[in-house]
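Here is the structure we will look at.
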Amino acid sequence: MRALTWQGKQNVRVDTVPDPQIVNPRDAIIRVTSTAICGSDLHLYDHYIPGMKDGDILGHEFMGEVVEVGSRNHKLKAGQRVVVPFVIACGNCFFCRKQQFAACDNSNPAEKTDASELAYGYPMAAAFGYSHLTGGYSGGQAEYVRVPYADVGPLVIPEGVDDDKVLFLSDILPTGWMAAVNCDIEPGDVVAVWGCGPVGLFAVQSALLLGAHRVIAIDHHPRRLALARQLGAEIVDFEQVRVREALAEMTGGIGPDACIDAVGMESHGMSPDNLLDHVKVKTFLATDRIHALRQVILSTRKGGRVSIPGVYGGMADKFPIGALMEKGLQIRSGQTHVQKFMPELLEMILDDKIDTTFLISQRLDLEDAAMGYKNFKEHQNEYTKVVLKPRHTRH
Amino acid sequence: MTERTSRTLDADAPLSSARKPDPAAAGLDIADDDAELVGRTVTINRPRQELYDFWRDFRHLPTFMENIEDVIILDDNRSHWIVQGPAGSELEWDSIVTEDVPGEVIAWRSAEGATVENSGRVEFRDSPNGRGTIVSVTIAYKPPGGKLGKAFAKVFRREPTIQARQELRRFKQLMETGELPTAAMLPQDMP
Chain A
73 MRALTWQGKQ
83 NVRVDTVPDP
93 QIVNPRDAII
103 RVTSTAICGS
113 DLHLYDHYIP
123 GMKDGDILGH
133 EFMGEVVEVG
143 SRNHKLKAGQ
153 RVVVPFVIAC
163 GNCFFCRKQQ
173 FAACDNSNPA
183 EKTDASELAY
193 GYPMAAAFGY
203 SHLTGGYSGG
213 QAEYVRVPYA
223 DVGPLVIPEG
233 VDDDKVLFLS
243 DILPTGWMAA
253 VNCDIEPGDV
263 VAVWGCGPVG
273 LFAVQSALLL
283 GAHRVIAIDH
293 HPRRLALARQ
303 LGAEIVDFEQ
313 VRVREALAEM
323 TGGIGPDACI
333 DAVGMESHGM
343 SPDNLLDHVK
353 VKTFLATDRI
363 HALRQVILST
373 RKGGRVSIPG
383 VYGGMADKFP
393 IGALMEKGLQ
403 IRSGQTHVQK
413 FMPELLEMIL
423 DDKIDTTFLI
433 SQRLDLEDAA
443 MGYKNFKEHQ
453 NEYTKVVLKP
463 RHTRH
Chain B
979 MTERTSRTLD
989 ADAPLSSARK
999 PDPAAAGLDI
1009 ADDDAELVGR
1019 TVTINRPRQE
1029 LYDFWRDFRH
1039 LPTFMENIED
1049 VIILDDNRSH
1059 WIVQGPAGSE
1069 LEWDSIVTED
1079 VPGEVIAWRS
1089 AEGATVENSG
1099 RVEFRDSPNG
1109 RGTIVSVTIA
1119 YKPPGGKLGK
1129 AFAKVFRREP
1139 TIQARQELRR
1149 FKQLMETGEL
1159 PTAAMLPQDM
1169 P
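Okay, here's the thing in structure tokens:
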């Protein structure tokens, strides 16, 4: 099959690789019909995330058709259309039973759990198309994917619903939704969202659906700010104004009740001496730059809530612990428990309460994926979301 | 059957987390200050008896302990273990069950003359807060002297705690999910 492979820093290419097969009894093989490039794929592209190997197949946002299931997979049938969550979860462990799927205790192969156990105290769950710290599973920017524990993750999509409407259930829509859920929004609340990338925009949409009185979106790309405004947000361009002062003034001096950091380490980059090196030498110096997060914490009203869907991996320097404590803030964060939120979000899509298609700026052939990565990185204003379509010409 | 040494500890933490490991106090049948002791606890979301039964059939050990090649059952209490040694070699010894409380405890030690004197113990307890079964494994072993000992140390003593925790993690994965997770794309690429 054809698949987008990682070949080192800012070097990805579409290669011919062996088709995946059923390996474990609960597996399924999915024939990919749509897949997307995620902002967090750019962390891999720029090699800010450790634990990558040449030839790794990227992609954790994908959907397609079930072509084969393992002997113990009694949920899926060949021919069904499914969206696959980026988090791989077993459904059996303590965490999965609590619906904390992104904390699954079993999906990461045992021999790959040591680095994250050292770095975080406990080993991380697995994900598709990402670092070997999270399992090194081959991803969805390919014609076919082997999906483990496929009797738990994949969500069956009714016939007649376009891929574009449901593809983002795999990651960014539930991620934006959980970011807003984590704000514990009450009537009258003002929610501020840093970053109008896909997750930030879905967080804007979700916060309004969850009853926020006002949402204020912060970015500097005009097209992304325009999309936020189109969704119903007031907008702030951080290149034009001092953000904390603007938010205080816009909220009558009280400050936003809840603030969402949908930026993460992405915009300012993680230092090149990456996480794994730190694990190796066991000297935990700062690895994540948290400019946006500092601003989030300072801007949130006293007694307010901070939600962090943005990705961080290491240690932060000059973290404003004093502002956090003295103002009595609550912080919630984490990788998304995608499986928990997918069914209700699918219902809202089918009821036309949520539209995700506005986000897609480019539809490319999988063969052109390398160009998609380059432009998604270099032209963030124009490239809001790239969807890739495999050709399946050989089948 | 070996008499179990009484456990004493001033605090509530398990003996395997002690800064100065004491195999005898941990209930292991190996009396040597130089012995390596590793211990690890996991919670497994399966009934106690099921976990005990799987482990007690030592033929299952190679499925989740990666350096055990094969276990041949000789009788109820005695089995023959074939283990990967340094530089592609194989080590073999007989292992004797020293304590066996169905559903609760299995303890074993190597028979006399083993190249690597070793002793292990696994305990199964119901989680008091309803989270399944708490499984605690402690393993002690005394590496041999001489050249073989040095080679052995290189292979086995590098990260014994890492090996123990990976094996117990595989046991948990197998018992909870019915399979061992792998990123392999093809069956022949399984580790």
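So the sequence lines, in the order shown, correspond to chains A and B.
Counting from 73, one number per residue, gives the positions in the first sequence under the numbering used here.
Counting from 979, one number per residue, gives the positions in the second sequence under the numbering used here.
C-beta atoms are modelled at their ideal positions from N, C-alpha and C, and glycine is treated no differently.
Contact under 8 Å by Cβ, residue i with residue j
| i | j | result |
| --- | --- | --- |
| proline 97 of chain A | serine 203 of chain A | no |
| isoleucine 94 of chain A | isoleucine 101 of chain A | yes |
| valine 262 of chain A | isoleucine 290 of chain A | no |
| leucine 438 of chain A | threonine 456 of chain A | no |
| tyrosine 209 of chain A | phenylalanine 200 of chain A | yes |
| serine 179 of chain A | glycine 207 of chain A | yes |
| leucine 26 of chain A | glutamine 213 of chain A | Given a span of 73 to 467 for chain A in the structure shown, any question on residue 26 of chain A remains unanswerable. |
| alanine 298 of chain A | valine 271 of chain A | no |
| alanine 108 of chain A | valine 89 of chain A | no |
| histidine 119 of chain A | lysine 81 of chain A | yes |
Beta-carbon proximity list for residue i, same chain, < 7 Å, skipping 5 on both sides
| i | result |
| --- | --- |
| valine 353 of chain A | Low per-residue confidence applies at valine 353 of chain A: pLDDT is 37, beneath 50, and the placement is therefore not dependable, though the value from the model is reported in the following sentence. There are no such residues. |
| glycine 1110 of chain B | Thr1021, Ile1022, Asn1023 and Arg1024 |
Contacts that residue i makes with chain C (C-beta to C-beta distance below 7 Å)
| i | result |
| --- | --- |
| asparagine 164 of chain A | The structure shown contains no chain C; its protein chains are A and B. |
Of the residues the options, the one placed nearest residue i, counting alpha carbons only
| i | options | result |
| --- | --- | --- |
| alanine 150 of chain A | A:Gly400, A:Pro226, A:Leu401 and A:Cys176 | A:Pro226 |
| glycine 1081 of chain B | B:Ser1067, B:Gly1063, B:Val1075 and B:Phe1032 | B:Phe1032 |
| tyrosine 221 of chain A | A:Val253, A:Ser143, A:Asp261 and A:Leu280 | A:Ser143 |
| aspartate 128 of chain A | A:Ile101, A:Val141, A:Val84 and A:Val104 | A:Val84 |
| serine 405 of chain A | A:Gly283, A:Ala334 and A:Val155 | A:Ala334 |
| valine 238 of chain A | A:Trp266, A:Thr105 and A:Ser379 | A:Thr105 |
| threonine 1139 of chain B | A:Glu137, A:Trp266, A:Val228 and A:Leu190 | A:Leu190 |
| proline 259 of chain A | A:Val141, A:Cys110 and A:Arg286 | A:Arg286 |
| aspartate 126 of chain A | A:Val86, A:Ile332 and A:Trp266 | A:Val86 |
| arginine 316 of chain A | A:Val368, A:Gly232, A:Gly283 and A:Ala395 | A:Val368 |
| histidine 1058 of chain B | B:Glu1014, B:Val1016, B:Gln1027 and B:Asp1072 | B:Asp1072 |
| valine 308 of chain A | A:Ile326, A:Ala330, A:Gly283 and A:Gly267 | A:Gly267 |
| isoleucine 326 of chain A | A:Glu311, A:Arg373, A:Leu365 and A:Val313 | A:Arg373 |
| proline 246 of chain A | A:Phe166, A:Ser278 and A:Asp113 | A:Ser278 |
| leucine 280 of chain A | A:Val253, A:Arg296 and A:Gly269 | A:Val253 |
| serine 475 of chain A | A:Ser379, A:Pro392 and A:Ala174 | The requested residue 475 of chain A is not part of the displayed model; chain A covers only 73 to 467. |
| glycine 1017 of chain B | B:Arg1147, B:Ser1067, B:Gly1066 and B:Pro1159 | B:Arg1147 |
| proline 392 of chain A | A:Gly382, A:Ser371 and A:Tyr194 | A:Ser371 |
| aspartate 329 of chain A | A:Phe448, A:Cys255, A:Met397 and A:His464 | A:Cys255 |
| isoleucine 244 of chain A | A:Val156, A:Phe167 and A:Asp389 | A:Val156 |
Cα-Cα separation, residue i to residue j
| i | j | result |
| --- | --- | --- |
| isoleucine 257 of chain A | glutamine 152 of chain A | 37 Å |
| serine 1114 of chain B | aspartate 186 of chain A | 19 Å |
| asparagine 453 of chain A | proline 294 of chain A | 7 Å |
| threonine 1019 of chain B | leucine 1006 of chain B | 16 Å |
| isoleucine 362 of chain A | serine 1088 of chain B | 54 Å |
| alanine 1161 of chain B | isoleucine 1117 of chain B | 29 Å |
| leucine 417 of chain A | valine 410 of chain A | 10 Å |
| alanine 441 of chain A | methionine 337 of chain A | 24 Å |
| valine 219 of chain A | aspartate 99 of chain A | 6 Å |
| threonine 428 of chain A | aspartate 236 of chain A | 7 Å |
| valine 141 of chain A | leucine 148 of chain A | 7 Å |
| alanine 401 of chain A | glutamate 450 of chain A | Sequence check: residue 401 of chain A is leucine here, not alanine. Approximately 36 Å between the Cα atoms of the pair. |
| asparagine 1096 of chain B | aspartate 1104 of chain B | 27 Å |
| serine 379 of chain A | leucine 365 of chain A | 10 Å |
| methionine 1163 of chain B | alanine 264 of chain A | 43 Å |
Contact set between residue i and chain B, taken where Cβ atoms lie within less than 9 Å
| i | result |
| --- | --- |
| arginine 98 of chain A | Thr1155, Gly1156 and Glu1157 |
| tyrosine 221 of chain A | Thr1155, Glu1157 and Pro1159 |
| arginine 103 of chain A | Chain B residues near arginine 103 of chain A: none, gap ~15 Å exceeds 9 Å. |
Contacts of residue i in chain B (Cβ-Cβ under 8 Å)
| i | result |
| --- | --- |
| serine 210 of chain A | Ala1161 and Met1163 |
| serine 179 of chain A | Pro1159 |
| glycine 468 of chain A | With chain A represented from 73 up to 467, any question about residue 468 of chain A goes unanswered, as that position is not in the structure. |
| proline 90 of chain A | Met1163 and Leu1164 |
| arginine 74 of chain A | Here the premise fails: no neighbours, minimum Cβ distance about 14 Å. |
Interface partners of residue i on chain A, CB under 8 Å
| i | result |
| --- | --- |
| glutamine 1144 of chain B | Ala182, Glu183, Thr185 and Asp186 |
| glutamine 1062 of chain B | The contacting residues do not exist; glutamine 1062 of chain B stays about 15 Å from chain A at best. |
| isoleucine 1140 of chain B | Asp186 |
| methionine 1168 of chain B | Val95 |
| arginine 1109 of chain B | Phe166 |
Proximal residues of chain A, C-beta to C-beta of residue i below 7 Å
| i | result |
| --- | --- |
| arginine 1147 of chain B | Ala182 and Thr185 |
Same chain, Cβ closer than 8 Å to residue i, neighbours up to 5 away in sequence not counted
| i | result |
| --- | --- |
| leucine 436 of chain A | Met443, Gly444, Val458, Val459, Leu460 and Lys461 |
| glutamine 302 of chain A | Phe430 |
| isoleucine 1084 of chain B | Tyr1030, Trp1033, Arg1034, Val1075, Glu1077, Asp1078, Arg1099 and Val1100 |
| glutamate 306 of chain A | Arg286, Val287, Ile288, Ala289 and Met322 |
Amino acids of chain A, ordered along the chain, whose beta-carbon sits closer than 9 Å to that of residue i
| i | result |
| --- | --- |
| arginine 1026 of chain B | Per Cβ cutoff of 9 Å: no residues; arginine 1026 of chain B is ~16 Å from chain A at best. |
Sequence-distant residues of its chain with Cβ nearer than 6 Å to residue i (five each side left out)
| i | result |
| --- | --- |
| valine 1075 of chain B | Asn1055 and Trp1086 |
| glutamate 1070 of chain B | Ile1060 |
Closer than 7 Å at the beta carbon, the chain B residues around residue i
| i | result |
| --- | --- |
| arginine 144 of chain A | Gly1156 |
| arginine 218 of chain A | Met1163 |
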